[in-house]
Structure formats: C-alpha cells, structure tokens
Amino acid sequence: MRKLPLLCLLLTLWSQSALAQTERELLQALRQSTEGKQRIKAGCTDRIRPISEWRLADLDQDGTAEVVAPWSTEGCGGGNYWGASVGVFKQSGGRWQEIDSAGIEGQPESIEVRGNQIRVRTKSYGPNDPRCCPSQMATVRLALSNGKLRESR
Ligand SMILES: [Ca+2]
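Add 51 to the 1-based position in the sequence shown for the numbering used here, that's all there is to it.
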C-alpha cells in the first residue's frame, strides 16, 4: 500500500513532463508557422508565448483532436507591443504542425470551441484606457473550414 503514493507521484511527474514536452513542441511549431515567420520577419522577437488556455477539439471532425492555441510574440517593432493570434495545430508523423493561424484584434481572455467554431473573448483599449488596462470586451469568432481559419459570424 505504501507504493501507491509513489506511483501517483511518478504518474503526476510523467504527465507534467509529457505536457511540458507538448507545450515545447507547440511553441516550436508556432515559431515555424506561417504567422510566426511573418511576425518575426516584421520585427517581432521569436519569443512566443501562450495566452489564455489552449484547447483540444476535433475541429475538422476527423476523429483526432487539434490544438487551438491563442499566442503572441513579444517585442514587436522594438517596443513592448505584442499582437495576438490564434493557431490551430494537428499532430502528424509524431510532430505538431500548423493547420492555419489568424491574427486577431485585442488580447485573448478566454476561448471556447464548439464544432469547427472558435469563440475568443478579447479585451481591447477604449479611448480613455491607460496602457496597463484595456477595458473593452469583444468576441472574435473564427471557423476552421477546408484547412483555413476565417472570421465567422
Ligand atoms: Ca481533427
């Protein structure tokens, strides 16, 4: 019976390690994605960071889950501006690969996926908001269709 806590600890460490490995692979895939390359070419750093929670969902109904990942690059234009994107990734040949990404207005606060529809709740700056604190909530709707991520209604 004393081995059970040790087994639980080992399973927990193994699953955290697997998640960290998946996150590292996804961040590398983001750097190599079309959107990631465009941002780096446009003057953003290659410091990619996840925003909000990432979601697993079978967007294209093929029986395998994709990862829906709001993300950002830091230091765009030499300042501390950072723009947000949403990427969709699938695992192929043991590696994560981008299906498509789309830049979005505002900073993602939360994300919800239903079918092929992605709803991202964002915050943007209002006319009198200080730099620290955007206050305008909005919803960006995206849909994955034929391998392309598009804004939807
Ligand atoms: Ca799928």
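Each residue gets a CB set at the ideal place from its N, CA and C atoms; glycine is no exception.
Query: For the beta strand (DSSP E) containing GLU86, name the first residue and the last one.; Result: It is not in any beta strand (DSSP E) - GLU86 instead sits in the alpha helix (DSSP H) that spans 85-92.
Query: Do ALA153 and VAL137 come within 8 Å of each other at the CB atom, strictly closer than that value?; Result: yes
Query: State the start and end residues of the unbroken beta strand (DSSP E) segment that holds LEU107.; Result: 106-108
Query: With respect to 7 Å, is the separation between the Cβ of ALA80 and the closest non-hydrogen atom of ligand 1 below this value?; Result: no
Query: Using the C-alpha atoms, what's the distance from TRP65 back to CYS59?; Result: 10 Å
Query: Any heavy atom of ligand 1 closer than 7 Å to the beta-carbon of ALA116?; Result: yes
Query: If we call anything under 8 Å between Cβ atoms a contact, is ARG106 one with ILE162?; Result: yes
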